[in-house]
Amino acid sequence: MASPVTIHTAFVITNLLFLILACHFSLFLAFDASPDHDHSQCKVDGEILQYGIELPTCMIPKRAPNPPSSDNALVPWDRNYVNLYTPVPNGGLVVRSDGMHADLRITSVNQSFGHFQSKYRFVFGYFSMNLKLIPKQSAGVIATYYFSSPETKPKESDRHDEVDFEFLGNTSGNPITLQTNVYLNGVGNREQHHYLSFDPTAAFHKYSLLWNQHLIIWFVDDKVIRVFHNKTQEVGVPFPVNRPMAVQCSIWDGSDWATQGGRVKLNYTYAPFVAQYEGFGGVDGCQACPATPSTACDTADLSPCSDAKKYWFLEQQELTAKQIKQLQKHQKKYIVYDYCTDAKRFPEGMPEECRYNKFY
Ligand SMILES: *[C@@H]1O[C@H](CO)[C@@H](O)[C@H](O)[C@H]1NC(C)=O
Ligand SMILES: *[C@@H]1O[C@H](CO)[C@@H](O)[C@H](O)[C@H]1NC(C)=O
Ligand SMILES: *[C@@H]1O[C@H](CO)[C@@H](O)[C@H](O)[C@H]1NC(C)=O
Ligand SMILES: *[C@@H]1O[C@H](CO)[C@@H](O)[C@H](O)[C@H]1NC(C)=O
Numbered sequence: 001m002a003s004p005v006t007i008h009t010a011f012v013i014t015n016l017l018f019l020i021l022a023c024h025f026s027l028f029l030a031f032d033a034s035p036d037h038d039h040s041q042c043k044v045d046g047e048i049l050q051y052g053i054e055l056p057t058c059m060i061p062k063r064a065p066n067p068p069s070s071d072n073a074l075v076p077w078d079r080n081y082v083n084l085y086t087p088v089p090n091g092g093l094v095v096r097s098d099g100m101h102a103d104l105r106i107t108s109v110n111q112s113f114g115h116f117q118s119k120y121r122f123v124f125g126y127f128s129m130n131l132k133l134i135p136k137q138s139a140g141v142i143a144t145y146y147f148s149s150p151e152t153k154p155k156e157s158d159r160h161d162e163v164d165f166e167f168l169g170n171t172s173g174n175p176i177t178l179q180t181n182v183y184l185n186g187v188g189n190r191e192q193h194h195y196l197s198f199d200p201t202a203a204f205h206k207y208s209l210l211w212n213q214h215l216i217i218w219f220v221d222d223k224v225i226r227v228f229h230n231k232t233q234e235v236g237v238p239f240p241v242n243r244p245m246a247v248q249c250s251i252w253d254g255s256d257w258a259t260q261g262g263r264v265k266l267n268y269t270y271a272p273f274v275a276q277y278e279g280f281g282g283v284d285g286c287q288a289c290p291a292t293p294s295t296a297c298d299t300a301d302l303s304p305c306s307d308a309k310k311y312w313f314l315e316q317q318e319l320t321a322k323q324i325k326q327l328q329k330h331q332k333k334y335i336v337y338d339y340c341t342d343a344k345r346f347p348e349g350m351p352e353e354c355r356y357n358k359f360y
């Protein structure tokens with residue numbers, strides 16, 4: 001049996017050969033744009049020229065992540081996740097008897113919070129979760145799947161990093177909105193609101209995140225809905241690379257702002273509000289330290305995380321042409337708010353990262 005090292009070496013050599021060949025011949029040959037090897041972004045002297053398959057000169061293959069088919073497998077909740085903050089037993093977190101499903105619940109005005117998180121904190125990786133959201137009346141309720149390093153108090157000195165999927169509940173018959181956001185060094189304000197092409201309360205759907213040193217991609221059912229590029233070198237916008245983040249899931253009362261800007265509050269008459277989670281196998285990242293509060297993370301050696309020979313780290317520096325099409329379609333049709341088009345909010349000019357992440 002070939003050892004993982006042998007397989008890995010063979011893989012790297014094959015890839016290198018492919019790169020060299022592709023670079024040499026791309027100018028002369030029509031490039032075979034197989035789905036695995038879409039050429040995507042071209043840079044000349046550090047300038048982005050164009051996205052998409054039309055571009056003739058730059059044909060470096062960049063592979064889309066090829067996640068293991070088991071990424072959102074139904075594995076027991078306690079394999080990867082732990083309850084650190086929800087008092088037990090109060091009904092905020094219910095792991096069902098088969099061990100493979102977990103519910104986060106708001107049951108009354110006195111029990112309006114539920115949470116669980118990964119056992120470890122990560123730097124880079126590919127993560128996924130299946131969620132089925134609260135049906136009918138869910139105004140004011142926020143259910144989340146997000147990634148975060150610990151927040152510190154006071155707020156002014158907080159420097160945490162965070163990447164969000166947050167589902168904003170709605171009144172019966174109205175669409176649940178997915179809010180995505182990024183906090184860097186404690187600063188957020190990068191909201192996008194997305195509608196979904198399906199009813200997220202009717203069935204489980206897969207939500208996933210790819211995070212490496214080059215980019216962060218949000219996926220819904222394996223299709224790209226948002227990208228955030230690492231443009232630290234170009235425009236100085238920070239990027240999460242050195243604060244390990246835990247995978248987190250929560251439910252809470254967001255009456256203040258969640259639904260129609262806070263006009264519709266959570267109404268406990270409709271409790272319990274139940275968000276369902278499954279697919280706890282989707283945790284594959286560079287494990288930096290335990291999630292339990294400890295100082296282990298302050299001293300963790302993160303260098304192995306940038307050297308990991310993993311599909312989620314190596315294989316994607318840019319969106320593929322196929323993913324760019326997905327994102328264009330999504331951005332045109334389903335984005336109902338984008339901070340990058342909110343000129344009123346940024347009278348001094350749009351945030352620097354915007355031009356790198358917009359495709360419409
Ligand atoms: C919530 O807690 C308060 C104070 O303990 C109690 O008076 C009230 O009845 C509780 N409400 C519900 C709905 O359980
Ligand atoms: C990504 O961001 C980090 C931190 O902001 C920076 O140090 C690093 O050079 C960036 N990496 C790439 C590949 O641009
Ligand atoms: C709720 O439904 C209303 C009416 O369709 C819509 O305007 C709003 O964006 C929806 N979402 C939230 C979070 O309020
Ligand atoms: C909550 O819902 C009930 C049942 O529809 C309704 O009677 C009540 O007025 C609502 N409460 C608020 C504060 O809107």
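Just so you know, full-length UniProt numbering puts 131 at position 131 of the sequence shown, and the rest follows in order with no gaps.
Here a beta-carbon is modelled for each residue, glycine too, at the ideal position from N, C-alpha and C.
Look at the alpha carbon of M100 and the alpha carbon of C249, and state the distance between them as a whole number of angstroms.
The alpha-carbon of M100 is positioned some 15 angstroms away from that of C249.
Which two residues bound the contiguous beta strand (DSSP E) that contains W211?
Note, W211: beta strand (DSSP E), 205 to 211.
Proximity winner among P244, N230, M245, relative to P238 (alpha-carbon distances)
Closest option to P238, Cα to Cα, is N230.
Mind checking whether the beta-carbon of S108 lies closer than 7 angstroms to any heavy atom of ligand 5?
Because ligand 5 does not appear in the structure shown, any question about it cannot be addressed here, the ligands present being ligand 1, ligand 2, ligand 3 and ligand 4.
Secondary structure at T269, three-state DSSP: helix, strand or coil?
T269: helix per DSSP, three-state reduction.
Residues around ligand 3, please: the ones whose beta-carbon is closer than 5 angstroms to some heavy atom of it, in chain order.
Chain-ordered list of matching residues: L168, N170, N174, T177, T259, Q260.
Please say whether Q117 and L84 have beta carbons closer to each other than 8 angstroms?
When the beta-carbon positions are compared, L84 and Q117 come within less than 8 angstroms of each other.
Measuring only from the beta carbon, is T232 closer than 7 angstroms to any heavy atom that is part of ligand 4?
Outside the cutoff, so no.
Whole-angstrom C-beta distance between C289 and Y120, which should lie under 8 angstroms:
Rounded, the Cβ-Cβ distance is 7 angstroms, consistent with contact.
Pull up the CB-CB distance for Q331 and N212, whole angstroms please, since I reckon it's below 8 angstroms.
Contact flag wrong, Cβ pair sits at about 22 angstroms.
Secondary structure of H115, DSSP reduced to three states
Look at H115 here: in three-state DSSP terms it is strand.
What does the shell around ligand 4 hold, if a residue joins when its beta-carbon is under 6 angstroms from any heavy atom?
Going down the chain, each residue whose beta-carbon is closer than 6 angstroms to a heavy atom of ligand 4 shows up: N267, T269.
Collapsed DSSP secondary structure at S148 in the structure displayed
Assignment of S148 by DSSP, reduced to helix, strand and coil, places it in the strand class.
To which residues of the same chain is F122 closer than 7 angstroms at the C-beta, ignoring the five residues directly before and after it?
Closer than 7 angstroms at the Cβ level, and outside the excluded window around F122, lie P244, M245, G285, C286, Q287, A288.
Measure from the C-beta of Y311 to each C-beta in chain B and report whether the shortest distance is under 8 angstroms.
Considering every chain present, this structure includes no chain B. It has just one protein chain.
Proximity test, V75 beta-carbon vs ligand 2 heavy atom, cut-off 7 angstroms
Not under cutoff, so the answer is no.
Report the CB separation of V336 from Y126 in whole angstroms; it is logged as a contact under 8 angstroms.
Contact check for V336 and Y126: beta-carbon distance about 27 angstroms, past the 8 angstroms limit, so the pair fails to qualify.
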